[in-house]
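All residue numbers in the sequence shown are consecutive under the numbering used here, ending with 502.
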Amino acid sequence: MTRMLPIAEGLLPYKWEWLRFDVTAGLAIAAVAIPSAVAYPAIAGLPVEVGFYASILSLVGYALLGPSRKLIVGPDAATMTVLAATLATLPLDDPAGRVAAASALAVMVGVFCILASALKLGVVASFLSRPILVGFISGISISILVGQIGRLTGVRIESDGLVMPLLEIIRKAPQIHWLTVWFGAAMFGLLVLLARLRSPIPGPLVVVVVAVLASAIFDFEGKGMKVIGSLPGGLPTLALPDVAHLPITDLVLGGAAIWLVSVSSGLVGARSFGAKDGFKVDADRELTGLGGANICSGLFSGFPVTVSDSRTAINLAASGRSQLSGLISAAALAVLLIYLNHVLRVLPHAALGAILAFAALSLIDLKGLRETWRISPMEFGFALIAMWGAISLGVLSGVVIAIAGTLLYVLLKEMRPRDALLGLVPGRPGFYKLHRMERAEPPPGMVLFMLQGSILFFNADYVRSRFESVAKEAAPGTS
Numbered sequence: 024m025t026r027m028l029p030i031a032e033g034l035l036p037y038k039w040e041w042l043r044f045d046v047t048a049g050l051a052i053a054a055v056a057i058p059s060a061v062a063y064p065a066i067a068g069l070p071v072e073v074g075f076y077a078s079i080l081s082l083v084g085y086a087l088l089g090p091s092r093k094l095i096v097g098p099d100a101a102t103m104t105v106l107a108a109t110l111a112t113l114p115l116d117d118p119a120g121r122v123a124a125a126s127a128l129a130v131m132v133g134v135f136c137i138l139a140s141a142l143k144l145g146v147v148a149s150f151l152s153r154p155i156l157v158g159f160i161s162g163i164s165i166s167i168l169v170g171q172i173g174r175l176t177g178v179r180i181e182s183d184g185l186v187m188p189l190l191e192i193i194r195k196a197p198q199i200h201w202l203t204v205w206f207g208a209a210m211f212g213l214l215v216l217l218a219r220l221r222s223p224i225p226g227p228l229v230v231v232v233v234a235v236l237a238s239a240i241f242d243f244e245g246k247g248m249k250v251i252g253s254l255p256g257g258l259p260t261l262a263l264p265d266v267a268h269l270p271i272t273d274l275v276l277g278g279a280a281i282w283l284v285s286v287s288s289g290l291v292g293a294r295s296f297g298a299k300d301g302f303k304v305d306a307d308r309e310l311t312g313l314g315g316a317n318i319c320s321g322l323f324s325g326f327p328v329t330v331s332d333s334r335t336a337i338n339l340a341a342s343g344r345s346q347l348s349g350l351i352s353a354a355a356l357a358v359l360l361i362y363l364n365h366v367l368r369v370l371p372h373a374a375l376g377a378i379l380a381f382a383a384l385s386l387i388d389l390k391g392l393r394e395t396w397r398i399s400p401m402e403f404g405f406a407l408i409a410m411w412g413a414i415s416l417g418v419l420s421g422v423v424i425a426i427a428g429t430l431l432y433v434l435l436k437e438m439r440p441r442d443a444l445l446g447l448v449p450g451r452p453g454f455y456k457l458h459r460m461e462r463a464e465p466p467p468g469m470v471l472f473m474l475q476g477s478i479l480f481f482n483a484d485y486v487r488s489r490f491e492s493v494a495k496e497a498a499p500g501t502s
């Protein structure tokens, strides 16, 4: 039963002393979720309420089918950027059509996850190498950052890419709404300050509260600043997305790209949290949980989701004990959407731009890039190629380049596999690489040669040449 419905594993042995931890964690997760639920839909040109739908229903879906008591799912900036690129390839004329297409893609991603889990393809989640994934997500982050120019200036930006929006804002400089600029800069500065001070209250949540209060008190809307406007109250109804008029090939290819990026980045984060907190991450079972989260989101007018690093970190910090923390978070968000939706009506777009710009900067992993350069300049080169692809050629082309880069990287490593001569260290068991351990000495009358890879048809000649080279350099009489 627990294999079919993992929530039973977390709740059947439930201890009542866990409840206060789960309630605290659930409310904290909801607080962190509000800014991303409000801001992230803007990346893909979707209405704000869709962010709440995705946040609420994905938590329910993962709580039912996800195996982990600790991981929390939700909107993700990288996934939203790939979603935005996919929607841009589809013939969509109105907001309702964009919502339906995003929901259909969420269902498709969920189905892909379930199929991959059934076929034990969790290993595919590791297909994009860590350096290439770091480069690709850093490139996406730069694209998100540039995409906030319009929200932070009050100017409608119609071009895409890295350079064209910058040229467009220069050309439209007389249209800049300076109150929007100053307010957006103030909100971004507040986020930086709270991060520096290590505020116990999430910075984006503080910005949302401050922005709503300031907008209501000083009537920013009346002064020409753009606000998000009215949100529909209530929760969505269960419905299959109507996308019969859209090209199925583009939907499938877009869904596959979203699936690869969301699952790869999500499970990398999940494994990182598992290593830190001491819980095991089963990729195949996690795919089932992500499948349930995405299908629930899509059937209730949401969009694709993945493991959320920020929400998972809050759950761990608040000592959430079971899947109940996710369900409590979903309930809190639902209450907000039903009874307090009018409060968010005056939230300025500039605040959303500041939140997204700050989130984008936090995703640019300079430390990871430096570490990659230190360990392997070749891997660093592939990371830069993936970054360049995401920035210059668009996100979907960037996914293709990232996949091609991974294949080329693996091929180059297999063409010339590493090798080493081994030796013994007096008084210590085992064998050691001679070039790594100065005290290691070759066994008397013997050469120990280790090949760090497989012998394949395209590297057989190279491996043979290495054997011959080692044999020629060996002292006479060695075996």
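Glycine residues also receive a C-beta, built at the ideal position from the N, C-alpha and C atoms.
These figures come from a predicted structure and were not determined experimentally.
Is the CB-CB distance between residue i and residue j below 9 Å?
i      : j      : result
Gly133 : Gly314 : yes
Arg397 : Ile251 : no
Asp307 : Leu144 : yes
Ser91  : Ala341 : no
Val55  : Ser333 : yes
Val291 : Val61  : no
Thr112 : Leu419 : yes
Asp99  : Thr329 : yes
Arg439 : Val448 : no
Ser161 : Leu392 : yes
Specify, as a first and last residue, the run of the beta strand (DSSP E) that residue i falls within.
i      : result
Lys456 : Arg451 to Lys456
Leu471 : Leu471 to Gln475
What does the alpha-carbon distance come out to for the pair residue i and residue j?
i      : j      : result
Thr260 : Phe323 : 6 Å
Pro465 : Pro452 : 14 Å
Ala125 : Leu274 : 10 Å
Glu394 : Pro118 : 43 Å
Ile193 : Val105 : 27 Å
Ser164 : Gln171 : 11 Å
Gly158 : Ala383 : 13 Å
Leu370 : Ala234 : 6 Å
Gly278 : Ile337 : 29 Å
Pro255 : Leu359 : 12 Å
Taking its Cβ as the centre, do 16 or more other Cβ atoms sit within 10 Å of residue i, making it buried, or is it exposed?
i      : result
Gly325 : buried
Phe472 : exposed
Tyr362 : exposed
Pro467 : exposed
Ala494 : exposed
Asp484 : exposed
Phe206 : buried
I'd like the span of the alpha helix (DSSP H) that includes residue i, first residue to last.
i      : result
Gly315 : Ala306 to Leu322
Leu347 : Leu347 to Tyr362
Glu402 : Pro400 to Ser415
Pro58  : Leu42 to Ala62
Leu190 : Met187 to Arg194
Met210 : Trp201 to Arg219
Thr335 : Asp332 to Ala340
Met103 : Ala100 to Ala111
Asn72  : According to the sequence shown, residue 72 is Glu rather than Asn. Unbroken alpha helix (DSSP H) run through Glu72: Val71 to Leu88.
Under three-state DSSP, which class holds residue i?
i      : result
Arg441 : strand
Met24  : Note that Met24 scores a pLDDT of 48, beneath 50, so its modelled location is shaky; the value from the coordinates is reported in the next line. In the structure shown, Met24 sits in coil (DSSP, three-state: anything other than H, G, I, E or B).
Thr260 : coil
Pro118 : helix
Val291 : helix
Glu464 : strand
Tyr485 : helix
Thr329 : strand
Pro371 : strand
Gly446 : strand
Gly158 : helix
What do you reckon, is the C-beta of residue i under 8 Å from a heavy atom of the ligand FAD?
i      : result
Ser295 : This structure does not include the ligand FAD; it has no bound ligands of any sort.
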